[in-house]
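Listed in order, the protein sequences are those of chains A, B and C.
Numbering that gives the first Met the number 0 puts the first sequence at residues 0 to 251.
Numbering that gives the first Met the number 0 puts the second sequence at residues 0 to 415.
Numbering that gives the first Met the number 0 puts the third sequence at residues 0 to 477.
Beta carbons are placed, not taken as given, at the ideal position from N, Cα and C, and that holds for glycine.
First up is the structure itself, then whatever we jot down about it.
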Amino acid sequence: MLKIQNLHAKVEDKTILKGLSLDIKPGEVHAIMGPNGAGKSTLGYVLSGRDGYEVTDGQVELNGQDLLEQETEERARAGLFLAFQYPVEIPGVSNMEFMKESVNAMREARGQEPLSAAEFLKKAKEACKQVHLPLDFLKRGVNEGFSGGEKKRNEIMQMILLEPTLCILDESDSGLDIDALQVVADGVNSQRSPERSFIVVTHYQRLLDYIKPDFVHILADGKIVKSGDASLALEVEKEGYAWLGEAQEAGA
Amino acid sequence: MSQWLEQIVERASHSQLNAIKQQALAALKQQRWPNRKTEAWRYTSVSPIEQLELGGQKDSQPQPSDITGLDSLDLLFIDGVLQQSLNNLVLPEGLMLQSLSQLDAQGQAVADDLFGKIKPAHHLFGLVNDLVAKQGLVVDVAPGVQIDKPLRIINLSSQGQESHLRLLVRLGDNARLCVIEQGEGQDPSLNTAFAEYSLGVRAHLEHYRLAMHTHKAIQVGGNHFRLQEKAQLNSTLVAYGSDLSRLDVDIEHAGEHAHAKFNAIYLLGSGETFDLHSCIEHAVPNGTTEENARGIVGDRAKAVFNGRIHIHRHAQKTLAELNNRNLLLSRRGQINTKPELEIYADDVKCAHGATVAEIEEKALYYLLSRGISRSQALIMLNFGFIQELINDMPNAALADWLQEQLKDKFSQMEVK
Amino acid sequence: MSEQIEQALARKYEAGFVSNVESETFAAGLDEEVIRKISAMKNEPQWLLEWRLKAFESWQKMEEPEWAHLHYAKIDYQAISYYSAPKSMKDKPKSLDEVDPELLRTYEKLGIPLYEQQMLAGVAVDAVFDSVSVVTTFREKLEEAGVIFCSISEAVHRFPDLVKKYLGSVVPRSDNYFAALNSAVFTDGSFVYIPKGVRSPMELSTYFRINEQNTGQFERTLIVADEGSYVSYLEGCTAPQRDENQLHAAVVELVALDNAKIKYSTVQNWYPGDENGKGGIYNFVTKRGICHTNAHISWTQVETGSAITWKYPSCILKGDNSVGEFYSVALARGKQQADTGTKMIHLGKNTKSTIISKGISAGDANNAYRGLVQMGPNAEGARNFTQCDSLLIGDQCGAHTFPYIESRNPSAIVEHEATTSKVSDEQMFLCQQRGLDPEKAVSMIVNGFCKEVFKELPMEFAVEAGKLLEISLEGSVG
Numbered sequence: 000m001l002k003i004q005n006l007h008a009k010v011e012d013k014t015i016l017k018g019l020s021l022d023i024k025p026g027e028v029h030a031i032m033g034p035n036g037a038g039k040s041t042l043g044y045v046l047s048g049r050d051g052y053e054v055t056d057g058q059v060e061l062n063g064q065d066l067l068e069q070e071t072e073e074r075a076r077a078g079l080f081l082a083f084q085y086p087v088e089i090p091g092v093s094n095m096e097f098m099k100e101s102v103n104a105m106r107e108a109r110g111q112e113p114l115s116a117a118e119f120l121k122k123a124k125e126a127c128k129q130v131h132l133p134l135d136f137l138k139r140g141v142n143e144g145f146s147g148g149e150k151k152r153n154e155i156m157q158m159i160l161l162e163p164t165l166c167i168l169d170e171s172d173s174g175l176d177i178d179a180l181q182v183v184a185d186g187v188n189s190q191r192s193p194e195r196s197f198i199v200v201t202h203y204q205r206l207l208d209y210i211k212p213d214f215v216h217i218l219a220d221g222k223i224v225k226s227g228d229a230s231l232a233l234e235v236e237k238e239g240y241a242w243l244g245e246a247q248e249a250g251a
Numbered sequence: 000m001s002q003w004l005e006q007i008v009e010r011a012s013h014s015q016l017n018a019i020k021q022q023a024l025a026a027l028k029q030q031r032w033p034n035r036k037t038e039a040w041r042y043t044s045v046s047p048i049e050q051l052e053l054g055g056q057k058d059s060q061p062q063p064s065d066i067t068g069l070d071s072l073d074l075l076f077i078d079g080v081l082q083q084s085l086n087n088l089v090l091p092e093g094l095m096l097q098s099l100s101q102l103d104a105q106g107q108a109v110a111d112d113l114f115g116k117i118k119p120a121h122h123l124f125g126l127v128n129d130l131v132a133k134q135g136l137v138v139d140v141a142p143g144v145q146i147d148k149p150l151r152i153i154n155l156s157s158q159g160q161e162s163h164l165r166l167l168v169r170l171g172d173n174a175r176l177c178v179i180e181q182g183e184g185q186d187p188s189l190n191t192a193f194a195e196y197s198l199g200v201r202a203h204l205e206h207y208r209l210a211m212h213t214h215k216a217i218q219v220g221g222n223h224f225r226l227q228e229k230a231q232l233n234s235t236l237v238a239y240g241s242d243l244s245r246l247d248v249d250i251e252h253a254g255e256h257a258h259a260k261f262n263a264i265y266l267l268g269s270g271e272t273f274d275l276h277s278c279i280e281h282a283v284p285n286g287t288t289e290e291n292a293r294g295i296v297g298d299r300a301k302a303v304f305n306g307r308i309h310i311h312r313h314a315q316k317t318l319a320e321l322n323n324r325n326l327l328l329s330r331r332g333q334i335n336t337k338p339e340l341e342i343y344a345d346d347v348k349c350a351h352g353a354t355v356a357e358i359e360e361k362a363l364y365y366l367l368s369r370g371i372s373r374s375q376a377l378i379m380l381n382f383g384f385i386q387e388l389i390n391d392m393p394n395a396a397l398a399d400w401l402q403e404q405l406k407d408k409f410s411q412m413e414v415k
Numbered sequence: 000m001s002e003q004i005e006q007a008l009a010r011k012y013e014a015g016f017v018s019n020v021e022s023e024t025f026a027a028g029l030d031e032e033v034i035r036k037i038s039a040m041k042n043e044p045q046w047l048l049e050w051r052l053k054a055f056e057s058w059q060k061m062e063e064p065e066w067a068h069l070h071y072a073k074i075d076y077q078a079i080s081y082y083s084a085p086k087s088m089k090d091k092p093k094s095l096d097e098v099d100p101e102l103l104r105t106y107e108k109l110g111i112p113l114y115e116q117q118m119l120a121g122v123a124v125d126a127v128f129d130s131v132s133v134v135t136t137f138r139e140k141l142e143e144a145g146v147i148f149c150s151i152s153e154a155v156h157r158f159p160d161l162v163k164k165y166l167g168s169v170v171p172r173s174d175n176y177f178a179a180l181n182s183a184v185f186t187d188g189s190f191v192y193i194p195k196g197v198r199s200p201m202e203l204s205t206y207f208r209i210n211e212q213n214t215g216q217f218e219r220t221l222i223v224a225d226e227g228s229y230v231s232y233l234e235g236c237t238a239p240q241r242d243e244n245q246l247h248a249a250v251v252e253l254v255a256l257d258n259a260k261i262k263y264s265t266v267q268n269w270y271p272g273d274e275n276g277k278g279g280i281y282n283f284v285t286k287r288g289i290c291h292t293n294a295h296i297s298w299t300q301v302e303t304g305s306a307i308t309w310k311y312p313s314c315i316l317k318g319d320n321s322v323g324e325f326y327s328v329a330l331a332r333g334k335q336q337a338d339t340g341t342k343m344i345h346l347g348k349n350t351k352s353t354i355i356s357k358g359i360s361a362g363d364a365n366n367a368y369r370g371l372v373q374m375g376p377n378a379e380g381a382r383n384f385t386q387c388d389s390l391l392i393g394d395q396c397g398a399h400t401f402p403y404i405e406s407r408n409p410s411a412i413v414e415h416e417a418t419t420s421k422v423s424d425e426q427m428f429l430c431q432q433r434g435l436d437p438e439k440a441v442s443m444i445v446n447g448f449c450k451e452v453f454k455e456l457p458m459e460f461a462v463e464a465g466k467l468l469e470i471s472l473e474g475s476v477g
């Protein structure tokens, strides 16, 4: 499904990703862990095509298509979804209007008819309930005045509505209490299927208690330095990331 | 002085004038025709008035727009002439409505109470209107009377015509009224439309001014409000621009504990000019004012905003906030904004802010990352900028209609 | 409570003494002859005389501006003397030992000893007394580094090419009414040139003193920072306590060539007049700098003196990526009136400007911020941030904000915010409850309010500015 080879990327002349490779098959859940500044958020931005993130080397294929050739919105329509760590507030644009535009853009890309207002409202209400958000959130401005937890749940609600094939969750657990974490995790788990893959980016192992990964990768200094199964996350939990420095120094 | 104004002054000098018109004439004779050094006209040229050619044949009768779901009492003026008789109107009890050109004693008393008394004397075109306005309406709501049906006053300008309309509205103590002033036109024409509103103790006025003149239709007008104790004003302005479109809004807190809310939206298409000058006078303590003006300025368009808040000595405990935000869509457009504070009392909370900005990269990226096309995302974000003020309008039917109108206009504008 | 604040604001002007110096002063009045005489006294080249005369010609056709939020009796330009210099300066003393001791004592009393060994290390001073420069210290040390720091009269003779090239290049001679007057009659001032790549080894400063009666001071400062150089320049001003109003109309021009940085700081403490508004300096000053590519000009001003202040230190951000800054504290009390602010003209791409203005009004004073931020059509990606805060002390004063914003580029971002506040009873109560007397409390609150600006001042000046506010706010509390 997603094939990343030797990805190098820079932001404002600073190279952040330095040869990252990753292969994800349909239905798999990959966790990416790593210390602050390792490039975890950058990976999501580069894959989704944010302005200012420049790919200097490497290839990325999504479902056999060259991802890096595409515009941000084309990548989204190709099935890539990024749940933001800090979703932006957009006053004046209602959540409802925003998501309806978005859902119908996806449907159009998939060759489906756009949803009518009534059909969309029905779906939106269901999704809203699923992530425990009150219905009036649909009428409010996008993320406007939402708490940190509400913003994260709003991201998951969008994921549910947009039905992507590859979901990148960027620290969807940060700043959440245990109840909110459970809601987010339930939302994600409800979307797991043999066709849909996930990249779960997190600093802590905690989220992985709720969303069981098939693989865990450690990202440090722009590269994946270690891969393993779920037990690797537990190891990190115990040891922290300090050993990375030693390992690298020893290697250098 | 322009030829146009000279003729007006010349004509008036040979007419019989009442006291207020004589005053206006004397004041006009003292006035200088504005140029770039005239602070009130620093950014807006009055040369379109000098170049305007009036007269000629009207080709068709303009039609007022229909606002779905708006249950209002409509009064239609075309080129400043009332198109209906007020004699057989059935009016709710406590509402007096008379044509300015046909006042009875009661109407005359209201007119005398208001005409030129609320509008400050320094507006050049206000003085012109004082001098030559013969048409208009006088409205009086008796104390304690609540009028539910909005009063919609439509003023259409057609080709080659010059018109001067005056509206005088008095709300007695505890009275309540909604007034919609709607101006439209696009052919070469010139209209001045000034309105004076007096709000009694605890009176409540919901007010809209839709200044939707475009292209060659020149409009210069004003809305002037005086608020007595605990009165409430909620006014919304929606403006397009034309070769010259200018509005002066004055709100005077004359009684304590009054509240004024003023929202303004301006959406300027290609080549349009709109100039809004607002002035809030806090003459007494304990008043509150919230003013929000937002504008989107397209190609070769020019927006001018001058928002003044004046806190007089002793007007302690005033709360006044003014915010002006602008979006410029083209490097051939221009925005000139000047929020002014003039404060003579220390125990007050006053703030103003003004921004000129482009769409935030983060917000655009967020929409793109959800598969929305760049052009659609720009429209949503730009429009979202004024959507907040549309959502804030108390009259839902009007808000829906305006939303459609604005969206329609906006979709024709080029977003870079 | 507010009464206590009022009393805490009772004025005291420490620089109000008169020096007993014998001077040669022109008779009052202004005509072409006076200008020729000034030029002749200075033995000026013909081009400069012509330049002055052209400025005078323009000035006569101009009208005194009335747009500022200032009210004062019309200035009688024929009642002012346009030149006054201590007689002892006639023979141009070669060293400090030849300078009239009374002059040296004057500066000592103002806390500016002119003997290098007594001075703050690292600050060179040009002392201007009425119409002439008395002395410029540390010249040798500066010249070793290639830095030129002398009076502008001297520069006209020693560096004619530099002066000719840059004089009037930023503030044209008929730029505005007061600048035109200055161009016609300027008598002295400072000249600074920092060569390519040089960082001035010390802070440069000029102290302006008006002493003589019925005279105006018209000084002209020109600072040129060549490519990649850096200089920090300070300016201070005082005058005796007199019943008449005296005119001060200065022009300052800054040129920051590619990659250069100029930091210009002012502590203005001209005599503000008495509590009834009698006397005091009318301060009409034009200050402007031009920034070439990647250059940076920073204006910091602490304005506590003058009966009238009319002053807008500005930046023309001509070069791409250039930066302009304006940090201002303006304190007006008694009957003082201030109308001050800045202009930031963004012409180049990615130019940035910051404006922080703190206005304090007390007594019967009026204090206005007036500013212009202009984004030209080519100012791609330009940014401005403006914050204007006003503090009102007492209910008889006024605080005003007149910001003009003009944008012609869709990618430029301008943000302007203004707020107003008072010294609240709660703040006063808290301070007093913690044992501070009301004077100290007010001065602490005001100092806190100004902190963002004070931190921009060079160390020596920050201390002085803080003290100046304290003196201004000091008084007997009942």
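Minimum Cβ-Cβ distance from cysteine 278 (chain B) to chain C less than 8 Å: Contact with chain C is absent for cysteine 278 (chain B), since none of that chain's Cβ atoms lies less than 8 Å from the residue's Cβ.
Unbroken stretches of the beta strand (DSSP E), 3 residues or longer, contained in the region 231-317 of chain C: Whole beta strand (DSSP E) segments, 3+ residues: 244-247, 250-255, 260-267, 279-290, 295-302, 307-310, 313-316.
CB contact below 8 Å: aspartate 208 (chain A) versus chain B: Aspartate 208 (chain A) does not count as touching chain B.
Buried/exposed call for phenylalanine 428 (chain C), threshold 16 Cβ in 10 Å: When all chains shown are included, phenylalanine 428 (chain C) counts as exposed.
Nearest-angstrom Cα separation, counted from threonine 41 (chain A) out to tyrosine 240 (chain A): Distance between the alpha carbons of tyrosine 240 (chain A) and threonine 41 (chain A): 19 Å.
Local Cβ density within 10 Å of asparagine 5 (chain A), reported as buried at 16 or more and exposed below that: If you draw a 10 Å sphere on the C-beta of asparagine 5 (chain A), you find fewer than 16 other C-beta atoms in it, and that means exposed.
Contacts that tyrosine 343 (chain B) makes with chain C (C-beta to C-beta distance below 7 Å): Counting only Cβ-Cβ distances below 7 Å, tyrosine 343 (chain B) has contacts in chain C at Gly397, in chain order.
Residue environment, tryptophan 50 (chain C), which counts as buried when at least 16 other CB atoms sit within 10 Å: Looking at its Cβ environment, which holds 16 or more other Cβ atoms inside 10 Å, tryptophan 50 (chain C) is buried.
Whole-angstrom C-beta distance between glycine 18 (chain A) and histidine 29 (chain A), which should lie under 8 Å: Actually they do not touch by this definition, with Cβ atoms about 18 Å apart.
Test: serine 329 (chain B) CB closer than 8 Å to a CB of chain C: Using a Cβ-Cβ cut-off of 8 Å, serine 329 (chain B) counts as an interface residue toward chain C, since at least one Cβ of chain C sits closer than that to its own.
Residues of its chain near alanine 251 (chain A), where Cβ-Cβ distance is below 6 Å and the 5 sequence neighbours each way are ignored: The pLDDT assigned to alanine 251 (chain A) is 37, lower than 50, so where the model puts this residue is not dependable, and the model offers no usable value.
Identity of the residue in C:Gly397, C:Asp424, C:Val413 nearest tyrosine 403 (chain C) by Cα: Ranking the options by Cα distance to tyrosine 403 (chain C), first place goes to C:Val413.
Short Cβ contact (8 Å threshold) for isoleucine 151 (chain C) with serine 189 (chain C): Yes, the pair counts as a contact, with Cβ atoms nearer than the cut-off.
Contact the region 23-43 of chain C vs the region 135-149 of chain C: 3+ CB pairs below 8 Å: Verdict: no, contact absent.
Inter-residue Cα distance where the pair is isoleucine 355 (chain C) and alanine 350 (chain B): Straight-line Cα distance between these residues: approximately 15 Å.
8 Å Cβ cutoff, arginine 373 (chain B) in contact with chain A: Chain A, which has a Cβ nearer than 8 Å to the Cβ of arginine 373 (chain B), makes this yes.
Element boundaries [beta strand (DSSP E), containing arginine 245 (chain B)]: Start and end: 244-252.
Min CB distance phenylalanine 384 (chain B) to chain A below 8 Å: With 8 Å as the cut-off, phenylalanine 384 (chain B) counts as an interface residue toward chain A.
Cysteine 396 (chain C) (DSSP reduced to helix, strand or coil): Correct three-state label for cysteine 396 (chain C): coil.
The alpha helix (DSSP H) enclosing valine 224 (chain A), as first and last residue numbers: Here valine 224 (chain A) belongs to no alpha helix (DSSP H); instead the beta strand (DSSP E) covers 222-227.
Three-way DSSP call (helix, strand, coil) for glycine 91 (chain A) in this model: Reduced to three states, the DSSP call for glycine 91 (chain A) is strand.
Under 8 Å between C-beta atoms of arginine 152 (chain A) and valine 183 (chain A): Between arginine 152 (chain A) and valine 183 (chain A), the CB-CB gap stays under 8 Å.
Test item: CB-CB of aspartate 298 (chain B) and leucine 328 (chain B) under 8 Å: Taking 8 Å as the cut-off, the Cβ atoms of aspartate 298 (chain B) and leucine 328 (chain B) count as close.
For isoleucine 371 (chain B), the three-state DSSP class (helix, strand or coil): In the structure shown, isoleucine 371 (chain B) falls within a coil segment according to DSSP collapsed to helix, strand and coil.
Interface flag, serine 241 (chain B) vs chain A, CB-CB below 8 Å: Taking Cβ atoms only, chain A never reaches closer than 8 Å to serine 241 (chain B), which makes this a no.
Beta carbon proximity, glutamate 360 (chain B) to chain A, threshold 8 Å: True, the Cβ-Cβ gap to chain A drops below 8 Å.
Where tyrosine 240 (chain A) sits in the DSSP three-state scheme: Tyrosine 240 (chain A) falls in the coil class under three-state DSSP.
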